[in-house]
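Residue numbers (the numbering used here), protein chains in the order written: chain A, 1 to 109; chain B, 110 to 352.
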Amino acid sequence: MISDSVFWAVTVLLGIGTFLIRFSFMGFLGKRRMPEWLMLHLRYVGVGVFPALITPLVLWPEATGGQIDAAHLLGAAAALAAGLWFSVAGAIIAGMGTLYAVQILQSAI
Amino acid sequence: MRRGVSGNSHARSAYWRGARDCAPFIIIVVPYSMLFGVVARDAGLDLLQAMAMSIIVIAGASQFTAVALMQEHAPVFIVLLAALAVNARMAMYSAALQPHVGRAPVRLRAIMAYLMVDQAFALSIKEYDDHPDMRLREKLAYYFGVITPACGAWYGFTFLGAVLGRAVPPELSLHFAVPVCFIALVAPMMKNLPHVVAAFVSILTAVVFADLPYNLALVLAALLAMIAGARCEVWLARRRVMA
């Protein structure tokens, strides 16, 4: 059991902390201009964060107990290809579709 | 007067474009938020507590981390440290968005910060980069357009999961929708060589340092990738000048 006092302390403090992280640069810097070298690096936030978020979920999925699995690898590759050449919806359909297809094949073998 | 009206209609169309661009990502929000509702109830939290956490925090991965650690009776300080580390990436989102929306009134920026989820950052930053002539109002409208379906679904389906006590069945493998949706977000960002180099460095770092605690691998990967991308861009520009 999680005690009420622990729950509310964690939730309120986590809420405040998370808000401050999100507000940080956007909130406190306001319209001040950031230095050029920082702007240069900030162009790569997206391509820096997302691949590192994705990698462990594809390589060591919890669903397989952290084992490398062909269905997840192929699904990710298909999603990437469809995302590069088609669209967001295409990437989602290709990724999930490939995962299902390979899983069906795997269970048939 | 006419200008004001056309400004409004531009903002309105930016809002709807944002909502439409975010729509496919509902596929990850629904199973993820329902699962949170279920996990929260299983951990002994009541409906009000499950909802309060989703509304006060709105950051899925850190909510799961916090609930799991509270169940193990970890000290409050450790729970907070671990859960906040999961959200550290959002400081980078905030920095990347600042040049675009820093001129907005502080009250609006506070609301944007409260609602800053991964999709809101990724879709907005791409839209802003692709359309450098966007006005501030349109940028804000687009951001709020993206957020509307994402956060609406987050609240709604946490509630549904907590009430039903049932998540989307695991046979549907919707856990895989999380990386797939992130791939869909990042693929359009691969515009040129520096972006591709940065992505590779990010993957490599995430693999090599996978065992680091507190999500440090993610923060380290992002920082190294940003340096690699920036270095590559500078190098390419120099080579172009020399040629």
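The beta carbon of each residue, even a glycine, is placed where N, CA and C say it ideally should be.
Note that the structure is a prediction, hence the values are computed from the model and not measured.
For this session: Check whether the Cβ atoms of P51 (chain A) and A308 (chain B) sit closer than 8 Å, and answer yes or no.
Result: Stepping through the first sequence from its first residue, residue 51 (chain A) is reached at position 51. Stepping through the second sequence from its first residue, residue 308 (chain B) is reached at position 199. Going by beta carbons, P51 (chain A) and A308 (chain B) fall inside the 8 Å limit.
Problem set entry | Interface partners of E247 (chain B) on chain A, CB under 8 Å | Residue 247 (chain B) sits at position 138 when you count from the first residue of the second sequence. Correct list: empty, because the minimum Cβ distance to chain A is about 17 Å.
Problem set entry | Short CB-CB distance (under 8 Å) between I68 (chain A) and chain B | Walking along the first sequence from the start, residue 68 (chain A) turns up at place 68. For I68 (chain A), the closest Cβ of chain B is not nearer than 8 Å.
Problem set entry | S311 (chain B) vs G95 (chain A) beta-carbon contact at 8 Å | The residue given as residue 311 (chain B) occupies position 202 in the second sequence. The residue given as residue 95 (chain A) occupies position 95 in the first sequence. Not in contact: S311 (chain B) and G95 (chain A) (Cβ atoms no closer than 8 Å).
Exercise. In chain order, what residues of the same chain have a beta carbon less than 7 Å from the beta carbon of E342 (chain B), not counting five sequence neighbours either side?
Worked result: On the second sequence, residue 342 (chain B) is found 233 positions in, with the first residue counted as 1. Excluding sequence neighbours, E342 (chain B) sits near P303.
For this session: Please classify Q180 (chain B): does DSSP put it in a helix, a strand, or coil?
Result: For the purposes of this step, residue 180 (chain B) is taken as residue 71 along the second sequence, with counting starting at 1. In this structure, DSSP gives Q180 (chain B) a helical state, which the three-state scheme calls helix.
Exercise. Whose C-alpha, out of B:P133, B:A132, B:A170 and B:P184, is nearest the C-alpha of S3 (chain A)?
Worked result: Translated into positions along the first sequence, residue 3 (chain A) becomes position 3. Looking only at B:P133, B:A132, B:A170 and B:P184, the smallest Cα-Cα distance to S3 (chain A) is reached by B:P184.
Exercise. From which residue to which residue does the alpha helix (DSSP H) around G62 (chain A) run?
Worked result: Within the first sequence, the letter at position 62 stands for residue 62 (chain A). In the sequence as presented, Gly is not what sits at residue 62 (chain A); that position holds Glu. Per DSSP, E62 (chain A) belongs to no alpha helix (DSSP H) and is neither H nor E.
Exercise. Just to confirm, are H72 (chain A) and A339 (chain B) a CB contact at a threshold of 8 Å?
Worked result: Counting from one through the first sequence, the residue named residue 72 (chain A) turns up at place 72. Counting from one through the second sequence, the residue named residue 339 (chain B) turns up at place 230. Taking a C-beta distance under 8 Å as the contact criterion, H72 (chain A) and A339 (chain B) do not qualify as a contact pair.
Exercise. Buried or exposed: E236 (chain B), going by 16 or more other Cβ atoms within 10 Å of its Cβ?
Worked result: As a first step, residue 236 (chain B) is located in the second sequence; it is residue number 127 there, counting from the start. Classification of E236 (chain B): buried, given that the 10 Å Cβ count is 16 or more.
Exercise. So the alpha helix (DSSP H) H209 (chain B) belongs to, where does it begin and stop?
Worked result: Walking along the second sequence from the start, residue 209 (chain B) turns up at place 100. From DSSP, the alpha helix (DSSP H) with H209 (chain B) extends over R198 to V210.
Exercise. Would a C-beta distance cut-off of 8 Å place T64 (chain A) and M162 (chain B) closer than the cut-off?
Worked result: As a first step, residue 64 (chain A) is located in the first sequence; it is residue number 64 there, counting from the start. As a first step, residue 162 (chain B) is located in the second sequence; it is residue number 53 there, counting from the start. Pairing T64 (chain A) with M162 (chain B) gives a Cβ-Cβ distance that is not under 8 Å.
Exercise. Would you call P61 (chain A) buried or exposed, if buried means 16 or more other Cβ atoms sit within 10 Å of its Cβ?
Worked result: The count along the first sequence starts at 1 and reaches residue 61 (chain A) at position 61. Classification of P61 (chain A): buried, given that the 10 Å Cβ count is 16 or more.
Exercise. Going by beta carbon distance, what residues of the same chain come within less than 8 Å of A197 (chain B), once the five residues before and after it are set aside?
Worked result: Here residue 197 (chain B) corresponds to residue number 88 of the second sequence, with the count starting at 1. Answer for A197 (chain B): N324, L327 and V328, listed in chain order.
Problem set entry | Members of the segment 46 to 68 of chain A that neighbour chain B once the beta carbon cut-off is set at 9 Å | Cβ contacts with chain B: G46, V47, G48, V49, F50, P51, A52, L53, I54, T55, P56, L57, V58, L59, W60, P61, E62 and A63.
For this session: Tell me where the alpha helix (DSSP H) around G30 (chain A) begins and ends.
Result: For the purposes of this step, residue 30 (chain A) is taken as the residue at position 30 of the first sequence. First-last for G30 (chain A): undefined, no H or E at that position.
Exercise. What are the complete alpha helix (DSSP H) segments, minimum 4 residues, inside the segment 128 to 190 of chain B?
Worked result: Restricted to the segment 128 to 190 of chain B, the alpha helix (DSSP H) segments that are unbroken, complete and at least 4 residues in length are 135 to 151, 156 to 166 and 169 to 180, listed in chain order.
For this session: Pair every Cβ in the segment 249 to 257 of chain B with every Cβ in the segment 118 to 133 of chain B, then say whether three or more of these pairs are closer than 8 Å.
Result: Of all C-beta pairs linking the segment 249 to 257 of chain B to the segment 118 to 133 of chain B, three or more are shorter than 8 Å, placing the two stretches in contact.
Exercise. With 8 Å set as the bound, which would you pick, yes or no: does the beta-carbon of I92 (chain A) sit closer than that to a beta-carbon of chain B?
Worked result: Counting from one through the first sequence, the residue named residue 92 (chain A) turns up at place 92. By this cut-off, I92 (chain A) is an interface position.
Exercise. Does the Cβ of D155 (chain B) have 16 or more other Cβ atoms within 10 Å, making it buried, or fewer, making it exposed?
Worked result: The residue you call residue 155 (chain B) lines up with position 46 of the second sequence. D155 (chain B) should be labelled exposed.
Exercise. If you count every other CB in all the chains shown that lies within 10 Å of the CB of P322 (chain B), and 16 or more means buried, which is it?
Worked result: For the purposes of this step, residue 322 (chain B) is taken as residue 213 along the second sequence, with counting starting at 1. Label assigned to P322 (chain B): exposed.
Exercise. Does M162 (chain B) come within less than 8 Å of chain A when only Cβ atoms are used?
Worked result: For the purposes of this step, residue 162 (chain B) is taken as residue 53 along the second sequence, with counting starting at 1. So, interface residue.
For this session: Specify the secondary structure class of I68 (chain A) as computed by DSSP and reduced to three states.
Result: Within the first sequence, numbered from 1, the residue matching residue 68 (chain A) stands at position 68. In the three-state scheme derived from DSSP, where H, G and I count as helix and E and B as strand, I68 (chain A) is classed as coil.
For this session: Using a threshold of 8 Å, state whether the C-beta atoms of I292 (chain B) and A91 (chain A) are closer than that.
Result: Within the second sequence, the letter at position 183 stands for residue 292 (chain B). Within the first sequence, the letter at position 91 stands for residue 91 (chain A). Contact: yes.
For this session: State the start and end residues of the unbroken alpha helix (DSSP H) segment that holds A293 (chain B).
Result: Indexing the second sequence from 1 puts residue 293 (chain B) at position 184. Per DSSP, A293 (chain B) belongs to the alpha helix (DSSP H) from A286 to V295.
Exercise. Rounded to a whole number of angstroms, what is the C-alpha to C-alpha distance between L57 (chain A) and A149 (chain B)?
Worked result: Here residue 57 (chain A) corresponds to residue number 57 of the first sequence, with the count starting at 1. Here residue 149 (chain B) corresponds to residue number 40 of the second sequence, with the count starting at 1. When rounded, the distance between both Cα atoms is 22 Å.
Exercise. Exposed or buried, R112 (chain B), counting other C-beta atoms within 10 Å across all chains shown (16 or more means buried)?
Worked result: Mapped onto the second sequence, residue 112 (chain B) falls at position 3. Low local confidence applies: a pLDDT of 49 at R112 (chain B) is under 50, so the model's placement there is unreliable, and no value is given.
Problem set entry | Inter-stretch contact (C-beta, 8 Å, three-pair minimum) for the segment 274 to 290 of chain B and the segment 30 to 37 of chain A | Not touching, per the Cβ criterion.
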